[in-house]
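Protein sequences appear in the order of chains A and B. My numbering applies: residue 173 is where the first sequence begins, and numbers increase by one. My numbering applies: residue 2 is where the second sequence begins, and numbers increase by one. Even glycine gets a Cβ: it sits at the ideal position worked out from N, Cα and C. Working notes for the structure below.
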Amino acid sequence: MRVTVIDYKAGNLTSVLKALRHLGAEVEVTDGDLAPVETAERLVLPGVGHFAATQYLDKTGLTPAIRAAIARGVPFLGICVGMQWLYAGSAEAPKQPGLGHFPEQCARFSESDEKVPHVGWNSLEVRQGSRLLAGVEPGEFVYFTHSYKAPVTADAAAITCYIEPFASAVERSNVMGVQFHPEKSGATGLKILRNFLSWQLKGTA
Amino acid sequence: MITKRIIACLDVHGGRVVKGVQFVDLVDAGDPATQAARHAREGADEIVLLDITATHEGRATLLDTVRRTARELFVPFCVGGGIRTAGDAAQVFEAGADKVSVNSAALADPMLIDAIGRSFGAQAVVVAIDARRDPEAADPVRDAQVFVQGGRKPTGRRVVEWAREAEARGAGEILLTSMDSDGTRAGFDCELTAAVSEAVGIPVIASGGAGTVAHFVDVFGRGKADAALAASVFHFGISSARSLKDELARAGVSVRLPC
């Protein structure tokens, strides 16, 4: 299993790389070189930090390379800001467009008495048929840390409630995203990463 | 539903976990990597490794300890002790930490919080505050005095205003230790914890004074804590994160039970 992890200089990749390697993946990192994306078997876009950091993807030409890879059927997983980037944009950085693979916008949590950021372990209500979240049972928890979130739409693979329901995972064919950190979510998180690593286009061997 | 976090804290000296009462009479309590893995397996939601050596010579040892501990740890991992600059923080992140905790250095130079947050994100910056109630202040709780150097040196800063400044500068969480309660095993300082938790919009981790399960129930309720630190309680009382969480669940506290 070869995985290409995209480093867009938005923070620390160590934990993601470590978890993927722990699962037996052969991991390569690219921070702007397009060739690894053009030949990638699987792509991971991690993310800790600010949505504005994704402008790095536009500046380096990674955005069209990723779009082309997705069109070729390469399995793609965005984590946290990496998931939000799959949408049209985020209120966190209104001038910075996302990939627009999903047409909606990400928004900040509504004002309430609850704390923002949403930090800690929360549960997932998994949509039936999700391949990314296969085997995740009710009562399993994953680790979140974020202030912006994606809306609940037909593409949501899981819904989590904090202040309001939001899409904690999104999945349409080979394009997947998780708002939580599977690399920091214990056995449940590793199971989800393993699902991603074994994801195959239907009809291919 | 979001759960209350139980954070296991390992005090580390010279690459080994140590236990003792208020940093005296230290006894070797094992290997940090083994201990961290055990706590994670037993249901701890997060691991904090606190380097109580924090000397210049100790840095290489610490980084090696962080690297070894992080290797097989798949829950959030925070490292504190002796982080003076954004460069120190970068080394600790590189070694595998997800968060750093800063205390004295942030009080000496509050811009440190901004600097680490800018490079690594607010979620990666925990500001640790050691506070003691000030009976002479107008409000002894909200105006509790902030101390540095393991509680030896008062700073003149007040707990609520310092917590608010830390938040404004981009701290992601506050780790609040009550020096009045620390080491007593007589319960957390719930008034102090609630005062800080209500004053900021970021999560507050309560620390100091845990002795029984009831103390945790109390700090999550009356103390309005988002998380609680369990350090010596696992050495001297409650057997494991699992038994603590089982009892918390029975008491109606929302916790993540280990699978």
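Three-state secondary structure (DSSP) of residue i
i	result
A/Q277	strand
B/P141	coil
B/P259	coil
A/V135	Only positions 173 to 377 of chain A appear in this structure, which leaves residue 135 of chain A out of reach.
A/V220	coil
A/Y180	coil
B/C191	helix
B/F75	coil
B/K100	strand
A/S262	strand
A/A377	Any reading at A/A377 needs caution, since the residue's pLDDT is 46, under 50, leaving its predicted position unreliable; the model's value is listed next. A/A377 falls in the coil class under three-state DSSP.
B/I239	coil
B/D110	coil
B/D52	strand
B/T156	strand
A/E123	The first residue shown for chain A is 173 and the last is 377, placing residue 123 of chain A beyond what the model contains.
B/D29	strand
A/T317	strand
B/R134	coil
B/Q146	strand
A/F352	coil
A/V347	strand
B/I272	In the structure as shown, chain B begins at 2 and stops at 260. Residue 272 of chain B is therefore absent and cannot be evaluated.
B/E47	strand
B/A231	strand
A/I331	strand
B/G118	helix
A/S370	coil
B/R17	strand
Closest residue to residue i among the options (Cα-Cα distance)
i	options	result
A/A359	B/R42, B/D12, B/D181, B/A37	B/R42
A/V298	A/T211, A/F274, A/V324	A/V324
A/A224	A/Q268, A/A207, A/L192, A/D203	A/Q268
A/F281	A/L192, A/H194, A/C333, A/K181	A/C333
B/H216	B/V67, B/G202, B/E192	B/E192
A/T232	A/G204, A/L192, A/E198	A/G204
A/Q216	A/S187, A/L229, A/P247	Per the sequence shown, residue 216 of chain A should be read as Val rather than Gln. Among A/S187, A/L229, A/P247, the Cα nearest to that of A/V216 belongs to A/P247.
A/P275	A/N367, A/T226, A/A328, A/S284	A/A328
A/S295	A/E309, A/R303, A/E286	A/E309
B/V201	B/K225, B/A96, B/F148, B/T4	B/K225
A/L192	A/F368, A/G349, A/A182	A/F368
B/T4	B/P204, B/P141, B/V234	B/P204
B/A252	B/V218, B/A232, B/R143, B/D46	B/V218
B/A164	B/L245, B/A195, B/G152	B/A195
A/Y315	B/E248, B/A250, B/V28, B/A45	B/A45
B/T35	B/K20, B/R6, B/R72	B/R72
A/G351	A/A240, A/G196, A/G221, A/P266	The question names Gly, but residue 351 of chain A in the sequence shown is Gln. Of the candidates A/A240, A/G196, A/G221, A/P266, the one whose C-alpha sits nearest the C-alpha of A/Q351 is A/G221.
Close-in-space but distant-in-sequence residues of the same chain around residue i (CB under 7 Å, 5 per side omitted)
i	result
B/Q92	L64
B/T62	G15, G16
A/I335	F281, S282, S284, E286
A/G245	N346, L373
A/S370	none
Close Cβ partners of residue i (< 8 Å) along its chain, the five nearest in sequence each way excluded
i	result
A/A237	L206, V209, E210
A/L185	V177, D179, V201, P218
B/I114	V103, A107, V126, V128, A167, R170, G171, A172
A/H194	L362
B/K274	Past the edges of chain B, shown from 2 to 260, lies residue 274 of chain B, and the structure says nothing about it.
A/A377	With a pLDDT of only 46 at A/A377, under 50, the local geometry of the prediction cannot be trusted, and no value is derived from it.
Neighbourhood of residue i by C-beta, 6 Å cutoff - its chain only, sequence neighbours within 5 removed
i	result
A/C278	Q256, Y259, S262, Y320, A322
B/A37	I48, T70, L74
B/D52	V13, L63, G82, G83
A/T235	L229
A/R174	E198, E213
Closer than 8 Å, Cβ to Cβ, to anything on chain B: give me those residues from the stretch 228 to 251 of chain A, in chain order.
none
Please identify, using Cβ separations under 8 Å, the residues of the stretch 118 to 139 of chain B that lie next to chain A, in order along the chain.
S120, F121, G122, A123, Q124, A125
Residues in the stretch 288 to 317 of chain A having any Cβ partner in chain B nearer than 9 Å:
V288, P289, H290, V291, G292, W293, N294, S295, E309, G311, E312, F313, Y315, F316, T317
Contact residues within the stretch 80 to 101 of chain B, judged by C-beta distance below 7 Å to chain A
F94, E95, G97, D99
Chain B contacts made by the stretch 187 to 216 of chain A, where a contact means CB separation under 8 Å:
S187, K190, A191, H194
Closer than 7 Å, Cβ to Cβ, to anything on chain A: give me those residues from the stretch 200 to 212 of chain B, in chain order.
G202, I203, P204
According to a CB-to-CB cut-off of less than 7 Å, which residues of the stretch 260 to 288 of chain A neighbour chain B?
K287, V288
Mind pulling the alpha helix (DSSP H) runs of 4 or more residues that sit fully within the stretch 161 to 223 of chain B?
191 to 200, 214 to 222
Length at least 3, wholly inside the stretch 183 to 215 of chain A: the beta strand (DSSP E) runs in chain order:
198 to 202
If contact means a Cβ-Cβ distance below 8 Å, which residues of the stretch 321 to 349 of chain A contact chain B?
C333, Y334
Could you run through the stretch 159 to 176 of chain B and flag, in chain order, every residue whose CB is less than 9 Å away from some CB of chain A?
G173, E174
Residues from the stretch 29 to 54 of chain B in contact with chain A, defined by Cβ distance under 8 Å:
If you check each beta-carbon in the stretch 29 to 54 of chain B against every beta-carbon of chain A, the ones closer than 8 Å belong to A41, D46.
Residues of the stretch 359 to 374 of chain A in Cβ contact with chain B at a cutoff of 9 Å, in chain order, please.
A359, T360, G361, L362
Near-chain A residues of the stretch 221 to 248 of chain B - C-beta to any C-beta below 8 Å:
D227, A228
Interface positions of the stretch 4 to 19 of chain B facing chain A (Cβ-Cβ less than 7 Å), listed along the chain:
T4, R6
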